[in-house]
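Novice: Quick one: the structure is below, questions incoming.
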Amino acid sequence: MARPASIVPHHRLWVVGPSFSELDQAWEEIDAYLPKELETRLPLLDEKTRFLANDGRLQFKSADNSPSLQNVGLDWVWITEAHDIEDSVWWNQISPMLHSPGVLGWAFIEGKAPKPGSWYEALWELGQDPDNEDIESWWFHTEDNPHVDWDAILRTDGETMPEEKFREEYYADAPTEYGKAFNSEAIDLCIAGRLETPLLGVKYAIGTDLGKMVDPTVAIVMRKAQKRVVGFERLLRTDWTVQEGILTDLAKTWNDADMYVDETGLGGPVCDGLRKSGVKIHGINMTRQKNDLMNKLAAGIEKEQVRFPNVPVLIKEMKQMRRIKKDKYGQDLRVEKIIAPRGQHDDCPVALALAFHGCRGGGDFTPIKPRNRMRSA
1 MARPASIVPH HRLWVVGPSF SELDQAWEEI DAYLPKELET RLPLLDEKTR
51 FLANDGRLQF KSADNSPSLQ NVGLDWVWIT EAHDIEDSVW WNQISPMLHS
101 PGVLGWAFIE GKAPKPGSWY EALWELGQDP DNEDIESWWF HTEDNPHVDW
151 DAILRTDGET MPEEKFREEY YADAPTEYGK AFNSEAIDLC IAGRLETPLL
201 GVKYAIGTDL GKMVDPTVAI VMRKAQKRVV GFERLLRTDW TVQEGILTDL
251 AKTWNDADMY VDETGLGGPV CDGLRKSGVK IHGINMTRQK NDLMNKLAAG
301 IEKEQVRFPN VPVLIKEMKQ MRRIKKDKYG QDLRVEKIIA PRGQHDDCPV
351 ALALAFHGCR GGGDFTPIKP RNRMRSA
């Protein structure tokens, strides 16, 4: 990194990330490894700028601030978390600056596996072409890094992450079902058994998603020890008083089962009414906990640790759930959302996630199909 400073005067170097918060690690690494004799004055912390010899500047830029990505020419750029950088940022702003007259035009780009069809994937494929002398591309597994505890990763994320997410994060696999909340093939493998009647002495958990406006209320009963769906109730356009009576009877029928309910909004008063009726209610704030519960359900489905009968509406809603990272205006969301497509329902997946959450203490079990974490050839 130090050599270009003596080759080209007035050089411009950038470090670009999806947002300033994602540039903190890069700033700390530059701070630790940049030779101090190359710096001519103290850095501007507020502007994320370092001043180098030969009137050079090393600036940290956020890709979500387009007006800041303007320059007459760029000698060197390090793009971090490239998988989250929009195509327009590269094609319309950074790439043209690297081709300006009189600049070095060097780029170092790193991130997770690129999204299909993205600028990042296009450059990756060019780098794999042996006849292309301008670009080189390569990849490594996290397992190849001697400074990480791979066994600890397998014991933690390896046992909790959905398979596809794990391979994307740690094996640099491209996401094959990017945007889906649940793996469709894994859902099919979890379909087994049929709806049942209660058994004496057996513990059950009920997940209940209360309907709002035109949405139905869905209650899913799971046998705790086996994490298996045995009961299913779907109430459409039913008066709240009637629903409360049906849900109370449902809990009592299933051996006074624990019921896990979204208590936000209208759920609060309904939970209070069910408690007064003697139902063992566990209120869940789905505004804060929905993503966490959905991701845990996705991991359970990936590892075939959950079973459900072939209830068509349940299977349909599970397979159409999506993960989104942008709002309706195309702006990046701070936190990924898991939602149903417009005009569709998520009542069944939410109820299943709540019931699965209620089974967390239902007994030890062994996955039906243990996960294979061996590297694929």
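Mapping the sequence shown onto my numbering, position 186 (from 1) lands on 186, and the numbers just tick up by one. C-beta: ideal position from N, C-alpha, C; glycine also.
Can you have a look at W91 and say buried or exposed, based on whether 16 or more other CB atoms are within 10 angstroms of its CB?
Specialist: Within the sequence shown, residue 91 is the residue found at index 91, counting from 1. Exposed, by the Cβ-count rule.
Novice: Straight-line CA distance for I246 to F60?
Specialist: Position 246 of the sequence shown, counted from the first residue, corresponds to residue 246. Position 60 of the sequence shown, counted from the first residue, corresponds to residue 60. Going by the C-alpha atoms only, they are around 59 angstroms apart.
Novice: Can you find the residues in the same chain that come closer than 7 angstroms, C-beta to C-beta, to C190, ignoring five residues on each side of it along the sequence?
Specialist: Position 190 of the sequence shown, counted from the start, is the residue given in the question as residue 190. Contacts found: I301, E304, V306, R307 and F308.
Novice: From F140 to W78, what does the alpha carbon distance come to, in whole angstroms?
Specialist: Taking the first residue of the sequence shown as position 1, residue 140 is located at position 140. Taking the first residue of the sequence shown as position 1, residue 78 is located at position 78. Computed Cα separation, rounded: 18 angstroms.
Novice: Note down the Cα distance separating V313 from L297, rounded to an integer number of angstroms.
Specialist: On the sequence shown, position 313 is the one that residue 313 refers to. On the sequence shown, position 297 is the one that residue 297 refers to. Approximately 17 angstroms between the Cα atoms of the pair.
Novice: Within the continuous beta strand (DSSP E) that includes F51, where are the two ends?
Specialist: As a position in the sequence shown, residue 51 is number 51, starting the count at 1. Segment T49 to L52, the beta strand (DSSP E) holding F51.
Novice: Quick check on DSSP: helix, strand or coil for W138?
Specialist: Indexing the sequence shown from 1 puts residue 138 at position 138. W138: coil per DSSP, three-state reduction.
Novice: Between M318, A351, G73 and L69, which lies nearest to V221 when the distance is taken from Cα to Cα?
Specialist: Looking up residue 221 in the sequence shown gives position 221. Taking only the C-alpha atoms, the option nearest V221 is A351.
Novice: Excluding five sequence neighbours on each side, which residues of the same chain lie with their C-beta closer than 7 angstroms to the C-beta of R228?
Specialist: Within the sequence shown, residue 228 is the residue found at index 228, counting from 1. The answer, listed in chain order, is G193, M222 and R307.
Novice: How is T264 classed by DSSP in three states: helix, strand or coil?
Specialist: Taking the first residue of the sequence shown as 1, we reach residue 264 at position 264. It is coil, neither helix nor strand.
Novice: Would you say L195 and T217 are within 7 angstroms of each other, going by their C-beta atoms?
Specialist: For the purposes of this step, residue 195 is taken as residue 195 along the sequence shown, with counting starting at 1. For the purposes of this step, residue 217 is taken as residue 217 along the sequence shown, with counting starting at 1. Cβ atoms of L195 and T217: not closer than 7 angstroms.
Novice: Thinking C-alpha only, which one of I153, Q93 and N291 is nearest N65?
Specialist: Your numbering for residue 65 matches position 65 in the sequence shown. Of I153, Q93 and N291, the residue nearest in Cα terms is Q93.
Novice: Which same chain residues end up closer than 6 angstroms to V15 when comparing Cβ atoms and leaving out the 5 residues on each side of it in sequence?
Specialist: Here residue 15 is taken as the residue at index 15 of the sequence shown, counted from 1. Cβ within range, chain order: A26, F60 and W78.
Novice: Measure the alpha-carbon distance for E185 versus W106 and round it to whole angstroms.
Specialist: Here residue 185 refers to the residue found at position 185 of the sequence shown. Here residue 106 refers to the residue found at position 106 of the sequence shown. The alpha-carbon atoms of E185 and W106 are separated by roughly 43 angstroms.
Novice: Hey, quick one: how far does the beta strand (DSSP E) through A205 stretch, first residue to last?
Specialist: Locating residue 205 in the sequence shown gives position 205, where the first residue counts as 1. Counting along the chain, the beta strand (DSSP E) containing A205 begins and ends at Y204 to D209.
Novice: Among the residues of its own chain, which have a CB less than 8 angstroms from the CB of E40, if the five just before and after it don't count?
Specialist: Counting from one through the sequence shown, the residue named residue 40 turns up at place 40. Note on identity: in this sequence residue 40 is Thr, with Glu being the wrong assignment. The residues are F51, L52 and A53.
Novice: Check the DSSP bridge columns for D31 and list the partner residues they point to.
Specialist: Within the sequence shown, residue 31 is the residue found at index 31, counting from 1. Partner(s): none; D31 has no beta bridge.
Novice: Could you tell me the distance, in whole angstroms, from the CA atom of H384 to the CA atom of R288?
Specialist: Nothing about residue 384 can be read from this structure; the chain reaches only from 1 to 377.
Novice: Using three-state DSSP, classify R288 as helix, strand or coil.
Specialist: Within the sequence shown, the letter at position 288 stands for residue 288. Helix at R288.
Novice: Taking DSSP as the reference, what is the three-state secondary structure of K212?
Specialist: Residue mapping note: residue 212 aligns to position 212 of the sequence shown, counting from 1. If DSSP states are grouped into helix, strand and coil, K212 belongs with coil.
Novice: Measure how close the beta-carbons of G111 and G358 come, nearest whole angstrom, since I'm counting them as under 8 angstroms.
Specialist: Here the question's residue 111 lines up with position 111 in the sequence shown. Here the question's residue 358 lines up with position 358 in the sequence shown. Contact flag wrong, Cβ pair sits at about 38 angstroms.
Novice: For V148, count neighbouring Cβ atoms within 10 angstroms of its own Cβ and tell me buried if that reaches 16, exposed if not.
Specialist: Within the sequence shown, numbered from 1, the residue matching residue 148 stands at position 148. It is exposed - the Cβ of V148 has fewer than 16 other Cβ atoms within 10 Å.
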